[in-house]
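Peer 1: Dropping the structure in here first, questions after.
Chains as they are written, first to last, in my numbering: chain X, 2 to 304; chain Y, 2 to 304.
So, in structure tokens, the structure goes:
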């Protein structure tokens, strides 16, 4: 049994930042997501596809993070490769190269062990593939999805079908403006809530995140990170911390969603302190808890 | 007696935003500051200079906001005029015209009634003039100053003298980076604290503010404003709410500073909902309190 099904990329990343350079390191939304969720105690079942060049050590690492890989297809060919660079402006990676490899003809197929998972995370893939996942799952307690500029611009109608069927959308503020045409993220946010999701999480990078439902708002500042080494995977780690927190909560009410956003913020703050998934590798739940408490101290005021 | 001495510009603004156009309306850092501080119950003494073209109605308005104008020099000539425009990107005003008028040879002269004020706000003027104010005041319990890119680039040594003599600096995040060369605002923030001030407030516009001392950190999200009509004066209103709160506090400890930052955030949120000082004109302390409580609800988590 898995707690959360996560569909997304499993990739080999080559990254340059002002603090260094790494080659063909573990990357991809599903990997960041599952490693992050595991810190919260959740067992994630990955749905994805890699080539037969994918290093065994990465599979071993993911398994060590309590990840179920029975939904990870390994096929003849190359693994998805991404090469990117960050300059002084951390907010935007400059993509130098993308090779989809075997991911180009990926179609999600969920193993039996995943079909009763109550939580689903649809990573940032073609909205048609996101729909294919929703068609397979039997129990849908809480489905969250990610998307991006590219799909908003090229697959808007399909994306809107997805939005009608998910409980929660996690996107960044630029995407809120692109999706709605609104210049104000709150105005745009309410418009997105009218498209289907009950919960919207707007990611604002180093500034934090906004949690919006029709009735409630929660503003979360990002945890102050003194040295950002590599921002890759921050958004997917956020999603992993968020969903991981919800998977161990008794119920998904607004109070739980708030805490889940903070959990996502904290985990994303850890991720960016090192290259790739390095910081998550030995991160303990205890370290997470310490920072979570510290966080509440630096954002809250006693009445 | 005044509670706070505020030195800064008193101006006539002509502003165009996507929501309209206003001509020769009341503006200037000292005006936004004192109107904002008055909402918190503080009496501000303005130090500034206008021409004899300055409309009497604006003087009456400032007096109605419990402002002492005995430090406002009125001399033969034109009042400081600023013409600016905002496009879709609210973060940066495009200055179309600036006429310093009589403000060009402004030298702050503090009337006797101001000399024992315990709080001082040095608005964004030449750092040499900021020093002249500090030389006149007898009691300096808490001095906060503002500055800007221009002074950092052209008057750095003088600005550093000011920093050695103030308790608190309020600047925006771009200025933190410019002043220190740091790419990370926390890293840059600690460097600024080593230059003199015990308290640093980093303004992040629509994202909120960071309060930093050597021992403590507080992150404040901005109050969610659904419709920003005119962002002019947001920073000075923030400063007015911040200092106004401190002036009515029993002591200035970190807890009071946190609440003062929130007060600044709330007042700035009101200011940008209308052109010029229009929203502050009839804003009651009760409205402020309601939003303050609402704010704590949307940023805090109970343990």
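Glycine included, C-beta positions come from ideal geometry on N, C-alpha and C.
Is it buried or exposed for residue 244 of chain X, if we count other Cβ within 10 angstroms and need 16 for buried?
Peer 2: As a working note, residue 244 of chain X is residue 243 in the first chain. By the neighbour-count rule (16 or more Cβ atoms within 10 Å), residue 244 of chain X is buried.
Peer 1: What residues of chain X sit near residue 202 of chain Y, judged by a beta carbon separation below 9 Å?
Peer 2: As a position in the second chain, residue 202 of chain Y is number 201, starting the count at 1. Chain X residues near residue 202 of chain Y: none, gap ~14 Å exceeds 9 Å.
Peer 1: Can you tell me which residues form a DSSP beta bridge with residue 206 of chain X?
Peer 2: Here residue 206 of chain X is taken as the residue at index 205 of the first chain, counted from 1. Bridge partners of residue 206 of chain X: none, in fact.
Peer 1: For the 8 Å Cβ check, are there 3 or more pairs between the segment 274-283 of chain Y and the segment 73-82 of chain Y?
Peer 2: Because the criterion of three Cβ pairs below 8 Å is not met, the segment 274-283 of chain Y and the segment 73-82 of chain Y do not touch.
Peer 1: Just the C-alpha distance for residue 103 of chain X and residue 192 of chain Y, rounded to the nearest angstrom, thanks.
Peer 2: Position 102 of the first chain holds residue 103 of chain X. Position 191 of the second chain holds residue 192 of chain Y. Whole-angstrom Cα-Cα distance: 49 Å.
Peer 1: Could you tell me which chain X residues have their CB closer than 7 Å to the CB of residue 280 of chain Y, listed as they occur along the chain?
Peer 2: For the purposes of this step, residue 280 of chain Y is taken as the residue at position 279 of the second chain. What residue 280 of chain Y touches in chain X: nothing, since even the nearest Cβ is about 17 Å away.
Peer 1: Listing by chain order, which chain Y residues have their CB less than 9 Å from the CB of residue 300 of chain X?
Peer 2: If you number the first chain from 1, residue 300 of chain X lands on position 299. The answer, in chain order, is 219, 220, 221, 222, 300, 301, 302.
Peer 1: In whole angstroms, what is the alpha-carbon distance linking residue 149 of chain Y and residue 122 of chain X?
Peer 2: Reading the second chain from its first residue, position 148 is the one you call residue 149 of chain Y. Reading the first chain from its first residue, position 121 is the one you call residue 122 of chain X. Taking the straight line joining both Cα atoms gives about 45 Å.
Peer 1: Find the residues of chain Y that neighbour residue 225 of chain X, judging by a C-beta separation of less than 8 Å, and give them in chain order.
Peer 2: The sequence position of residue 225 of chain X within the first chain is 224, counting from 1. The contacting residues are 187, 211, 218, 220.
Peer 1: Just to confirm, are residue 7 of chain Y and residue 36 of chain Y a CB contact at a threshold of 8 Å?
Peer 2: By one-based count along the second chain, residue 7 of chain Y stands at place 6. By one-based count along the second chain, residue 36 of chain Y stands at place 35. No.
Peer 1: What do you get for residue 254 of chain Y, buried or exposed, if any count of 16 or more other CB atoms within 10 angstroms of its CB means buried?
Peer 2: Mapped onto the second chain, residue 254 of chain Y falls at position 253. Answer is exposed; the Cβ neighbour count stays below 16.
Peer 1: Where do the ends of the alpha helix (DSSP H) carrying residue 256 of chain Y lie?
Peer 2: Walking along the second chain from the start, residue 256 of chain Y turns up at place 255. Counting along the chain, the alpha helix (DSSP H) containing residue 256 of chain Y begins and ends at 255-272.
Peer 1: For a contact meaning CB atoms closer than 7 Å, what does residue 208 of chain Y contact in chain X?
Peer 2: Residue mapping note: residue 208 of chain Y aligns to position 207 of the second chain, counting from 1. Simply 205, 208.
Peer 1: Give the DSSP-derived three-state secondary structure of residue 296 of chain Y in the structure shown.
Peer 2: Your numbering for residue 296 of chain Y matches position 295 in the second chain. Three-state DSSP puts residue 296 of chain Y in a helix.
Peer 1: Closest Cβ-Cβ distance between residue 57 of chain Y and chain X: below 8 Å?
Peer 2: Against the second chain, residue 57 of chain Y aligns to sequence position 56. Output row for residue 57 of chain Y: interface = no.
Peer 1: Give me the chain Y residues within the contact set of residue 259 of chain X, using Cβ-Cβ distance strictly less than 8 Å, ordered along the chain.
Peer 2: Mapped onto the first chain, residue 259 of chain X falls at position 258. The contacting residues are 302.
Peer 1: Give me the DSSP bridge partner(s) of residue 218 of chain Y.
Peer 2: For the purposes of this step, residue 218 of chain Y is taken as the residue at position 217 of the second chain. Answer is Y/213, bridged to residue 218 of chain Y.
Peer 1: When DSSP labels each residue in this structure, what does residue 63 of chain Y get in the three-state scheme?
Peer 2: Taking the second chain and counting its residues from 1, the one referred to as residue 63 of chain Y is at position 62. Note: residue 63 of chain Y maps to helix in three-state DSSP.
Peer 1: Is residue 166 of chain Y helix, strand or coil by DSSP?
Peer 2: As a working note, residue 166 of chain Y is residue 165 in the second chain. Helix, per DSSP.
Peer 1: What are the start and end residues of the beta strand (DSSP E) that includes residue 133 of chain X?
Peer 2: Looking up residue 133 of chain X in the first chain gives position 132. Run containing residue 133 of chain X: none in the beta strand (DSSP E); it sits in the alpha helix (DSSP H), 128-137.
Peer 1: Using the rule of at least 16 other Cβ atoms within 10 Å of the residue's Cβ for burial, across every protein chain shown, is residue 262 of chain Y buried or exposed?
Peer 2: Against the second chain, residue 262 of chain Y aligns to sequence position 261. Per the 10 Å Cβ criterion, buried.
Peer 1: What residues match up with residue 147 of chain X in a beta bridge as DSSP calls it?
Peer 2: What you label residue 147 of chain X is simply residue 146 of the first chain in a count that begins at 1. In DSSP, residue 147 of chain X forms a bridge with X/171.
Peer 1: What are the boundary residues of the alpha helix (DSSP H) that residue 237 of chain Y is part of?
Peer 2: Translated into the one-based positions of the second chain, residue 237 of chain Y becomes position 236. Per DSSP, residue 237 of chain Y belongs to the alpha helix (DSSP H) from 235-248.
Peer 1: Are the segment 90-100 of chain Y and the segment 44-59 of chain Y in contact at 8 Å, needing three or more beta carbon pairs?
Peer 2: At 8 Å Cβ cutoff, the stretches do not touch.
Peer 1: Which chain X residues sit within Cβ distance under 8 Å of residue 286 of chain Y?
Peer 2: Your numbering for residue 286 of chain Y matches position 285 in the second chain. What residue 286 of chain Y touches in chain X: nothing, since even the nearest Cβ is about 18 Å away.
Peer 1: Out of X/268, X/39, X/55, X/166, which one is the CA nearest neighbour of residue 28 of chain X?
Peer 2: The sequence position of residue 28 of chain X within the first chain is 27, counting from 1. Of the listed residues, the one whose Cα sits closest to residue 28 of chain X is X/55.
Peer 1: Skipping 5 residues on each side, what residues in its chain have a beta carbon closer than 6 Å to that of residue 14 of chain X?
Peer 2: Position 13 of the first chain holds residue 14 of chain X. Within the same chain, residue 14 of chain X has close Cβ partners 26, 28, 83.
Peer 1: Who are the Cβ neighbours of residue 59 of chain Y in its own chain at under 7 Å, not counting the five residues just before and after it?
Peer 2: Position 58 of the second chain, counting from 1, holds the residue named residue 59 of chain Y. Correct list, in chain order: 27.
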